[in-house]
Amino acid sequence: MCLAVPLEIVEIKGNKATVERSGVRFEADIRLINNVKVGDFVLVHAGFAIQKVNREEAQKTLEIYDQMVDK
Amino acid sequence: MSYRVMEVCGTHTHAIMRYGLKHVYKEKLDLISGPGCPVCVTSQSDIDRLLYLCQQGFRIYSFSDLLKVPGEKGTLRDIRAGGGDVREIYNPLQIIDDIKKEPAEYAVFAAIGFETTAPLVAALVEELVSNQMNNIYIYSLLKLIPPAMDILLQDSESRIDGFLCPGHVSVVIGELPYIELSKKYNNPFVIGGFDEMHLRVALDKIQKMLETREGGVVNAYSSVVKREGNLKAQELIKKYFKQSNAEWRGLGEIPDSGLSLREEYSSYDIKSHFSLESIRSYDRCPCGSVITGKIQPYECTYFGNECTPESPVGPCMVSSEGACHAFYLYQQRR
Amino acid sequence: MNEIITIHHNSGRKQYELIEFISEVLGDRLVSTENDGGLLTDAVDTITTDSFTIKPLFFPGGDIGSLSVSGSVNDTVMLGAKPLYLSLSLIIEEGMKITTLKKILNSIRKELEVTSTYVLCGDTKVVEKGEVDGLIINTTSLGKTLKTALTVDRIKSEDSIIVTGPIGLHGAAVMACRNNFEIDFESDCMSLMPLLKAIEKCDLHIMRDLTRGGFVQILNELAISSGKEIVIDENAIQIPSGVESVSEILGINPLYLACEGTAVITCDSEVESELLAFLKNIGFSPFKAGIVGKNTQRPLVSLRTKAGAERVVPMLIEELTPRIC
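Residue numbers (our numbering), protein chains in the order written: chain A, 51 to 121; chain B, 364 to 697; chain C, 410 to 734.
Below you can see the structure in the form of structure tokens.
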């Protein structure tokens, strides 16, 4: 089961966080991850955040891709 | 010479189709769809057991995709059309809200999924326990990907040269299970993401590794996959579930490839209340050989005749990500 | 009137009260309830019908009431005709609040005003709890063609395929509502009456509105009816970011999401820029999605992907359900 999408945390209330992407907002359960704050991006699967998105790592992958495409 | 690379994730099957990547890599890589769709690997017997439970008066909660899979006597959707109480959910916790709004005497959750979904089912059990709810049972159909990969690598008929490892399963389990596999098999195991960029980076890497005969694990989805995975999610799974044998459609029974509720939570396990083993049916079709890469969809005798997307015989044709369904569409193009 | 509609509203005094209530809310948009039916005063040459069973009844951008008028009106416009009259049938589940029914009837009235149409006849039934989910509305629309009817035999190979606006808004708004997502967009639910001007001024071949099954469904239907291939360019398709978001989160392909105020038009490629400009002028945000291909034994819709590959996009086999995997 792999469908998951990155969304931004805009509000945190206990074990739940309001997440948003392009104007779409809903409540996700954040019990599976630690140390989240407003502004973090999380990967959400079926209503649960399963990991924080590491944007530096995402940037590194993008750089590899750009090099690939240039060749 | 093209290398056979298998992906074991329904979303990878879908993304590869969407971005036309089979075409992009056709000179060097033969991209094969493996048993990566939990719907496709749910055994026919399990569907029949769920239908039986529904007939006995249980309300069935399920993810939408499972409703269309045929058992011997029909689908969950058919039984709903005939008056069965079958409800679709998107988030397992919705079951609790729904049953509070519309009470049922007994309900069963058909918990299909791999490691990405397992922590969510564990969270549901946690809520059931803390709310002391005892009218919702779990029918665990949860399966683990690495044991299936192991079996596939042992099978010489599948002829797999490398794996595109499932992105979000890996978010939960991390790199370590693949590192264990790479000690046994000298193949490339590359963890890939889902947008075109991530997929091309991963597939390019697999291609390079195959060309230079390099084995091992590479994490090409490091924005969300950590080496150790999500430890909190892993702990939650371990708290409520233990590894057990599981029946995979097409692969048969694989030891320690599934999750079942621990003894102390067995009161939530439908199988500890009902003996369903006697309900057993056998796959009509060779879907299993397709998802293990042994035959191409067109080599199945039902393909295109009795088995079409409108009237599917097996799960590979039911699911829009199934190998047979995808192949049927491409075939129409020629 | 009581607060709740009951099975007793099916006959006698209570039925009379209910019809009076409906009549009052619809006002001068309902011609008369004195006779058993309505009398046509203008010539009509087209008839279309549609039933509405949407859940939830109220959604961002509209409700079952406004939809029941715009939906039928749009079918008439698609034929190249001006809608004049509607019939209105309601099947109400016992237990509906009168305030809910009033809201829906008000929406119907407003949409009748916007489209300058009238309800000439109707029917109301109340059924027992559980026999219907809330409410079903059926409307039949009668109209008069402006020039010739826009029938499917008018499609030609090499026609340009124009879409009047971004796709997927209605389906995404409804799915979002069902899943308790907050969204910043609305259903595109609206009457396509302004397209009548396009029919008068431009040389169009056919028009179809994109309802259930969305963009891909309609194109497949056109391909099969015309016996021609259709090729669409993925890069050209306009999908609002909110619709993309809802689709990705729920695992739905936005190409199949319903629209309720968006149409597909085919025309000669020479007329294409004139049509696009005209549509922009009357308030639409149109785009060219692709072209109609040759005659073929196997009429299909192909999508030319961003990667340059071509893949078939078939009709939906079943109701669109969220994918989890």
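No residue lacks a Cβ here, since even glycine has one placed at the ideal position from N, Cα and C.
Burial state of residue i (16 or more Cβ within 10 Å)
i, result
"B:G651", "buried"
"B:T374", "buried"
"B:Y645", "exposed"
"B:Y661", "exposed"
"A:Y115", "buried"
"C:I691", "exposed"
"C:S362", "It is not possible to answer for residue 362 of chain C, since the shown part of chain C is limited to 410 through 734."
"A:M118", "exposed"
"B:L430", "buried"
"C:A452", "exposed"
"C:G470", "buried"
"A:I80", "buried"
"C:R720", "buried"
"B:E673", "exposed"
"B:Y603", "buried"
Beta-carbon proximity check, residue i vs residue j, cutoff 8 Å
i, j, result
"B:R590", "B:G537", "yes"
"B:L527", "B:E627", "no"
"C:K637", "C:G702", "yes"
"B:K657", "B:E520", "yes"
"B:Q659", "B:L392", "no"
"B:F426", "B:I452", "yes"
"B:Y665", "B:C648", "yes"
"C:K553", "C:K491", "yes"
"C:V478", "C:T549", "no"
"B:L544", "B:M512", "yes"
"A:V94", "A:A78", "yes"
"B:C403", "B:S682", "yes"
"B:T655", "B:D518", "yes"
"C:G651", "A:V69", "no"
"C:K519", "C:E412", "no"
"C:I576", "C:I646", "yes"
Given residue i as reference, the closest of the options once Cα atoms are compared
i, options, result
"B:P529", "B:L562, B:C403, B:Y424", "B:L562"
"C:L551", "C:E669, C:M487, C:H417", "C:M487"
"C:I570", "C:S441, C:T705, C:F696", "C:F696"
"A:K87", "A:D116, A:R81, A:V60", "A:V60"
"B:K634", "B:H386, B:L413, B:T479, B:C400", "B:L413"
"A:A108", "B:S586, B:I600, B:E684", "B:S586"
"A:G141", "A:R81, A:H95, A:R71", "There is no way to answer for residue 141 of chain A, as the model of chain A reaches only from 51 to 121."
"C:I517", "C:L493, C:L439, C:A582", "C:L439"
"C:S654", "C:S634, C:E669, C:G580", "C:G580"
"C:I563", "C:Q647, C:V572, C:A632", "It should be noted that the sequence gives Arg, not Ile, for residue 563 of chain C. Looking at the Cα atoms, C:A632 is the closest of the given residues."
"C:I513", "C:T458, C:Y494, C:F468", "C:F468"
"C:N515", "C:G474, C:T526, C:E503", "C:G474"
"C:V710", "C:G670, C:S634, C:L659, C:A686", "C:S634"
"C:V535", "C:L659, C:K423, C:F687", "C:K423"
"C:L555", "C:L499, C:E683, C:Y527, C:D612", "C:D612"
"B:I600", "B:E610, B:F557, B:G579, B:L507", "B:L507"
"C:G504", "C:M616, C:G447, C:H418", "C:H418"
"C:M602", "C:T526, C:E443, C:P465, C:I416", "C:T526"
"C:L466", "C:G574, C:V722, C:M584", "C:M584"
Beta-ladder partner(s) of residue i, from DSSP
i, result
"A:H95", "A:F98"
"B:P551", "B:G579"
"C:I641", "C:G699, C:L712"
"B:S396", "B:E370"
"B:A474", "B:S503"
"A:P56", "A:L93"
"C:T705", "Looking at the DSSP assignment, C:T705 forms no beta bridge with any residue, so it has no partner."
Straight-line gap, residue i to residue j (C-alpha atoms, nearest Å)
i, j, result
"B:R697", "B:E390", "Residue confidence is low: B:R697 scores 48 on pLDDT, short of 50, so the model does not pin down where it sits. No coordinate-derived value is stated."
"B:H688", "B:P540", "31 Å"
"B:Y691", "B:E684", "11 Å"
"A:G97", "A:P56", "12 Å"
"A:E106", "A:A54", "19 Å"
"C:L521", "C:V673", "24 Å"
"B:K463", "B:P455", "14 Å"
"B:L416", "B:E559", "42 Å"
"B:G592", "B:T575", "28 Å"
"C:I414", "C:S460", "21 Å"
"C:T455", "C:I500", "25 Å"
"C:P708", "C:I639", "8 Å"
"B:I514", "B:I617", "8 Å"
Give me the subset of the stretch 94 to 114 of chain A whose CB atoms are less than 8 Å from a CB atom of chain F, sorted by chain position. Checking the listed chains, one finds no chain F in this structure; the protein chains it contains are A, B and C.
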